[in-house]
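For the sequence shown, the residue numbers in the working numbering are 960 to 1242.
Even glycine gets a Cβ: it sits at the ideal position worked out from N, Cα and C.
Everything numeric in this text was worked out from a predicted model, so none of it was measured.
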Amino acid sequence: MCLLGHLLALLSVTSFFNEVSVQQAQTGNDYKPRSGQDGKDVIWVPTPQVNVIKMLDIAGITPKDFVIDLGSGDGRLVIEAARRGARARGIEFNSDMVELSRRRAVQSRVSDRVEFIEGDLFEADLSEATVITMFLLNSINLKLRPKLLDLRPGTRIVSNTFHMGDWIADSTALGDENCGHYCTALMWIVPAKVGGTWIMDDGVLTLDQKFQMVTGSLRTPSETIRITDGRLRGDLLTFTHKFQSYSGRVKDDVIEGSVTSGNKCMVWRAERLQEICGYLVSR
């Protein structure tokens, strides 16, 4: 091969390794995400650290929790949850973000309590979670809402700034003046499903449910009276009938709890009825 050929070959090899080096700098250990960069469902904007703290505070994170962050970005919320002793998982579509998050977890010495998975947040298995966190959009939240409402009652859902339509948040916390933008934490608690007819020792309880809000009536042999102040907080149902305050835990097709009236406290139990051939029967 002539000298010119050797030079051209050398230049080609040099160009190849330069290109590889640039790619590694962009996607390897030096990868640096840019606020506003494109993502699969939304652009990426980092949650301000002060609101990361606010979101975990409003959820009441403890070492007993399993946190799943949908669209986990650079991993900051997952890592902060792990610092509080919780186990946590990030679901992120961008593979570079996933690798960055794993490195940051190692640097923060929490890699034994976290994992980052490259995947689609709509397809992720959320069944292990006690807490779901996200910073998405109202429209994305609404698409996720049916899946979230099917989670175990009591699961806490925490969103940075964006809402769930007519599912009103159970709690809201506002960031301080040092936060800047996207500084509101909203939390919903997945309610048990109680809509329907329930048989009690002293009557029939009919409940209508809209998310955590409950209305209905209690029919006894002598009268039918609407209940008031009906509300669910996870599997805990509370309502008032006349001057009696009812509180009970929902487990599958049974509600058990206590009813207080003045200084008296009694036990109550209700069993869900189902309709078969036009008749309401116990399950």
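Problem set entry | Continuous beta strand (DSSP E) assignments of at least 3 residues falling wholly in the region 1045 to 1112 | 1046 to 1051, 1073 to 1077 and 1090 to 1093
For this session: Could you have a look at residue 1008 and say whether DSSP puts it in helix, strand or coil?
Result: helix
For this session: Within its chain, find whatever has a CB closer than 6 Å to the CB of residue 1223; leave out the 5 residues flanking it on each side and keep chain order.
Result: none
Exercise. Taking the C-alpha atoms as reference points, what is the distance between residue 1056 and residue 1118?
Worked result: 20 Å
Exercise. Can you give the Cα-Cα distance for residue 986 and residue 1000, rounded to whole angstroms?
Worked result: Because the pLDDT at residue 986 is just 43, under 50, the model does not fix this residue reliably, and the value given afterwards should be weighed accordingly. Their backbone Cα atoms lie some 21 Å apart in a straight line.
Problem set entry | Minimum length 3: unbroken beta strand (DSSP E) runs contained in the region 1121 to 1194 | 1130 to 1133, 1143 to 1148, 1155 to 1159, 1162 to 1169, 1172 to 1178, 1183 to 1185 and 1187 to 1192
For this session: Report back the beta-carbon spacing between residue 1028 and residue 1114 to the nearest angstrom; my notes put them in contact at under 8 Å.
Result: With 8 Å as the limit, residue 1028 and residue 1114 do not qualify as a contact, their Cβ atoms being about 14 Å apart.
Problem set entry | Own chain residues within Cβ distance below 8 Å of residue 1203, not counting five before or after | 1218, 1219 and 1220
Exercise. When burial is assigned at 16 or more other CB atoms within 10 Å of the CB, is residue 1150 buried or exposed?
Worked result: buried
Exercise. Given residue 1231, which residues of its chain have a CB within under 7 Å of its CB, disregarding the five upstream and five downstream residues?
Worked result: 1155, 1157, 1212 and 1242
For this session: Put residue 1013 into one of helix, strand or coil per three-state DSSP.
Result: helix
Problem set entry | Boundaries (first-last residue) of the beta strand (DSSP E) holding residue 1026 | 1025 to 1029
Problem set entry | Whole-angstrom distance between residue 1214 and residue 983, CA atom to CA atom | Only weak support is given to the placement of residue 983: the predicted model assigns it a pLDDT of 40, under 50, and the value that follows is read from those uncertain coordinates. For residue 983 and residue 1214, the distance between alpha carbons rounds to 58 Å.
For this session: Look at the alpha carbon of residue 1086 and the alpha carbon of residue 1148, and state the distance between them as a whole number of angstroms.
Result: 15 Å
For this session: For residue 1176, collect the residues of the same chain with a Cβ closer than 6 Å to its Cβ; drop the 5 residues on either side in sequence, then sort them by chain order.
Result: 1165, 1183 and 1185
Exercise. On the three-pair Cβ rule with 8 Å, is the region 1128 to 1148 touching the region 1033 to 1044?
Worked result: no
For this session: Return the CA-CA distance between residue 1132 and residue 1179, expressed in angstroms with no decimal places.
Result: 42 Å
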